[in-house]
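As numbered in this note's numbering, residues 264 to 735 make up the sequence shown, in order.
Some notes on the structure that comes next.
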Amino acid sequence: MLEPVLKPTAPRFSINFGSFFGKIFCSMLNTAAKFCQKVAQNLWKIETRWVLRQALKSGVKKDSGQVLNKFIPIMIKKIFFITLLISNGSLAAGYSTGIYSTSGLGNSYAGSVTGIHDASDVFFNPAISANLANSELIVSETYLKINSKPEHVSSNKSGINENNAGVDSQIPELFFAMPINKKMAFALAITSPFGLATKYDQNWVGRYHAVESSIATVNFNPSLSYKFFDDLSVGVGLVAQYYKTTLTKMVNIGYDAIGKAHGSDLGYGYNLGASYRFDEYLKFGVGYRSKIDHTLIGTSQIINFAYSDIQAKTTTPESLVAGIAFKADKNLELAYDANWTRWSRLKKLSIHAYQNSILSETATFNWHDSFLHSIGANFTLNDQWLIRSGLAYEKDATSDSARDPKIPTSDRVWISAGFNYKINKSWEIDVAYVHQFFKTAKVDLINASAGNLNAHYKTRVDVFSIAAKQMF
Numbered sequence: 264m265l266e267p268v269l270k271p272t273a274p275r276f277s278i279n280f281g282s283f284f285g286k287i288f289c290s291m292l293n294t295a296a297k298f299c300q301k302v303a304q305n306l307w308k309i310e311t312r313w314v315l316r317q318a319l320k321s322g323v324k325k326d327s328g329q330v331l332n333k334f335i336p337i338m339i340k341k342i343f344f345i346t347l348l349i350s351n352g353s354l355a356a357g358y359s360t361g362i363y364s365t366s367g368l369g370n371s372y373a374g375s376v377t378g379i380h381d382a383s384d385v386f387f388n389p390a391i392s393a394n395l396a397n398s399e400l401i402v403s404e405t406y407l408k409i410n411s412k413p414e415h416v417s418s419n420k421s422g423i424n425e426n427n428a429g430v431d432s433q434i435p436e437l438f439f440a441m442p443i444n445k446k447m448a449f450a451l452a453i454t455s456p457f458g459l460a461t462k463y464d465q466n467w468v469g470r471y472h473a474v475e476s477s478i479a480t481v482n483f484n485p486s487l488s489y490k491f492f493d494d495l496s497v498g499v500g501l502v503a504q505y506y507k508t509t510l511t512k513m514v515n516i517g518y519d520a521i522g523k524a525h526g527s528d529l530g531y532g533y534n535l536g537a538s539y540r541f542d543e544y545l546k547f548g549v550g551y552r553s554k555i556d557h558t559l560i561g562t563s564q565i566i567n568f569a570y571s572d573i574q575a576k577t578t579t580p581e582s583l584v585a586g587i588a589f590k591a592d593k594n595l596e597l598a599y600d601a602n603w604t605r606w607s608r609l610k611k612l613s614i615h616a617y618q619n620s621i622l623s624e625t626a627t628f629n630w631h632d633s634f635l636h637s638i639g640a641n642f643t644l645n646d647q648w649l650i651r652s653g654l655a656y657e658k659d660a661t662s663d664s665a666r667d668p669k670i671p672t673s674d675r676v677w678i679s680a681g682f683n684y685k686i687n688k689s690w691e692i693d694v695a696y697v698h699q700f701f702k703t704a705k706v707d708l709i710n711a712s713a714g715n716l717n718a719h720y721k722t723r724v725d726v727f728s729i730a731a732k733q734m735f
């Protein structure tokens with residue numbers, strides 16, 4: 264009988280890039296490996312049986328090396344997907360993560376829709392893959408350090424003040440693009456475009472509004488692009504989006520009990536894009552992502568008091584982005600992007616409880632559309648180094664009258680920087696850093712059962728991202 268050939272321990276990466284930055288990247292891989300270790304341990308028994316079964320079916324001999332070479336890459340992809348599912352965090356307007364690519368982050372996403380970066384730009388514009396000279400595989404990891412502190416808190420409910428509602432998050436991503444022929448190309452983007460994570464003490468004064476809130480999404484987005492002629496390309500993609508949310512708060516039933524609702528769904532949408540080059544200096548891009556409707560199925564309960572199956576409908580909004588890029592000289596490229604997201608779709612979230620009406624609830628949002636305006640510059644130092652910088656202003660989807668402690672975001676300014684380092688003809692590394700300055704967010708809620716809540720949120724976000732790119 265064929266014996267297991269793997270153990271679920273975090274591997275040690277020691278790729279010889281011959282540079283200090285290679286060591287940095289290996290360190291990041293090792294950190295990510297440890298992060299995935301717990302997931303791998305839980306999946307281990309199931310995945311080992313799957314590997315052995317597939318090995319026998321395909322005629323692989325009882326040789327550990329053959330099993331490793333053929334089936335371990337598939338297991339890595341599965342673990343990567345599970346890692347995406349447990350990632351969340353909110354950086355952008357509404358409950359967008361604001362994490363779409365490392366290279367784009369370095370420019371605050373300016374130039375992404377025109378394709379000035381790499382294959383990761385297909386998230387904004389599926390037409391970009393037709394303009395790539397080679398096949399590209401990009402794997403990235405982004406860490407969000409989020410501090411969101413409610414100050415000047417007042418309520419007609421007793422309790423403590425919360426020090427920090429922000430939850431740090433890690434978000435991995437994967438991009439792949441390859442030419443099919445001289446005219447067509449295929450691309451795949453696996454991303455987590457929407458997410459939310461806030462957490463309060465169970466004894467804080469706003470506990471009847473929110474304690475712990477999380478949203479996690481995974482987009483699986485294959486696309487095709489076609490180049491009509493050298494200057495014009497178009498693209499279309501299909502989007503499968505997995506959406507999962509968990510919301511908890513305290514409920515007063517004569518004493519404080521934990522109320523918890525969770526649900527998930529798989530929804531579908533599409534994206535479109537076009538890219539046009541006016542001349543060797545100026546190019547234009549436009550991209551559209553459709554809304555995706557979700558019917559969340561799950562359960563709701565007040566611990567040791569009430570329980571019910573639930574259904575709730577929600578929608579992740581459509582977005583439209585357009586931009587230009589200008590090659591000022593052989594070393595300097597400038598870009599501007601404008602991104603609109605239709606958050607006005609999110610008026611309310613109604614939870615219908617089938618077995619116990621006490622668990623039915625409606626949350627009102629009344630959000631408005633958000634806008635992100637970004638400018639960026641790329642400067643080529645030499646054959647190996649490219650420096651990125653960016654500045655952006657983002658108008659948030661919430662307002663003082665509709666803001667909730669689950670999502671205490673506000674208008675903000677992005678400042679970003681990054682670099683690209685070419686290790687050799689096949690490998691590159693991208694690194695990016697973003698700091699966001701948030702306007703003070705005011706929460707002013709009046710609720711007979713949950714209590715009135717007034718607070719001023721001081722929020723700051725730091726983002727660190729690294730990506731490895733292979734060209735072949």
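Idealized CB from N, CA, C, for every residue including glycine.
Note that the structure is predicted; figures quoted are calculated from it, not measured.
Could you give the first and the last residue of the continuous alpha helix (DSSP H) run that contains residue i?
i: L803; result: The question about residue 803 has no answer here: the residues shown for the chain are numbered 264 through 735.
Which partner residues of residue i appear in the DSSP bridge assignment?
i: Y358; result: Partner(s): none; Y358 has no beta bridge.
i: K610; result: K610 pairs with nothing; no bridge assigned.
i: E581; result: In the DSSP output, where bridge partners are listed per residue, E581 has none listed.
i: V697; result: S679, V726
i: E624; result: I614
i: D707; result: N717
i: P435; result: E404
i: W690; result: Q733
i: S648; result: In the sequence under discussion, the amino acid at residue 648 is Trp, which differs from the Ser named in the question. In the DSSP output, where bridge partners are listed per residue, W648 has Y684.
i: F589; result: L545, L597
i: A227; result: Absent from the structure is residue 227, since the part of the chain shown begins at 264 and ends at 735.
i: E657; result: L635, R675
i: K512; result: G522
i: A396; result: BP columns for A396 are empty, so no partner.
i: Y570; result: Q564
i: I423; result: W467
i: K576; result: T558
i: P442; result: A448
i: D667; result: I670
Which residues bound the beta strand (DSSP E) around residue i?
i: A713; result: Where A713 is concerned, there is no enclosing beta strand (DSSP E), given that its DSSP letter is neither H nor E.
i: T405; result: 399-418
i: V549; result: 545-552
i: Y539; result: 519-540
i: A601; result: 595-604
i: F634; result: 633-643
i: G561; result: 555-565
Pick from the options: whose alpha carbon is nearest that of residue i?
i: I409; options: F700, F568, F634; result: F700
i: N574; options: S371, N619, A503, A704; result: Note that residue 574 is Gln in the sequence shown here, rather than Asn. If we check each option's Cα against that of Q574, N619 comes out closest.
i: S582; options: S728, W630, T604, S527; result: T604
i: K523; options: A704, V514, A448, N602; result: V514
i: G500; options: S488, L510, T508; result: S488
i: D725; options: G536, V697, L529, T360; result: V697
i: H380; options: D659, I434, D707, E691; result: E691
i: A473; options: T461, F483, L595; result: T461
i: A520; options: F568, S633, S477; result: F568
i: S607; options: S411, A660, T577; result: A660
i: Y539; options: A390, T703, L716; result: A390
i: K445; options: N424, L395, S411; result: L395
i: T405; options: Y531, G532, S728; result: S728
i: T480; options: G369, Y363, E543, L535; result: Y363
i: S476; options: K512, N466, W467; result: K512
i: F589; options: T579, I555, F642, S633; result: F642
i: N427; options: A731, Y720, K732, Q733; result: Y720
request  = Could you name each continuous beta strand (DSSP E) segment of 3 residues or more that falls completely within the region 448-497, going from the start of the chain to the end?
outcome  = 458-462, 475-492
Three CB pairs or more closer than 8 Å across the region 378-389 and the region 660-667 = no
inquiry  = Counting beta carbon pairs with one atom in the region 701-717 and one in the region 682-689, are three or more of them shorter than 8 Å?
reply    = no
task = Check whether the region 503-510 touches the region 442-453, counting contact only when three or more Cβ pairs, one atom from each stretch, lie closer than 8 Å.
result = no
query = With a cut-off of 8 Å, do at least 3 Cβ pairs link the region 424-437 to the region 481-498?
reply = no
query = Counting pairs of beta carbons, one from the region 592-599 and one from the region 620-628, are three or more of them closer than 8 Å?
reply = no
query = Three or more beta-carbon pairs under 8 Å between the region 559-569 and the region 538-551, yes or no?
reply = no
query = Is the region 674-682 touching the region 395-412 in the sense that three or more CB pairs, one from each, lie closer than 8 Å?
reply = no
query = So does the region 626-639 actually touch the region 652-659, counting three or more Cβ pairs closer than 8 Å?
reply = yes
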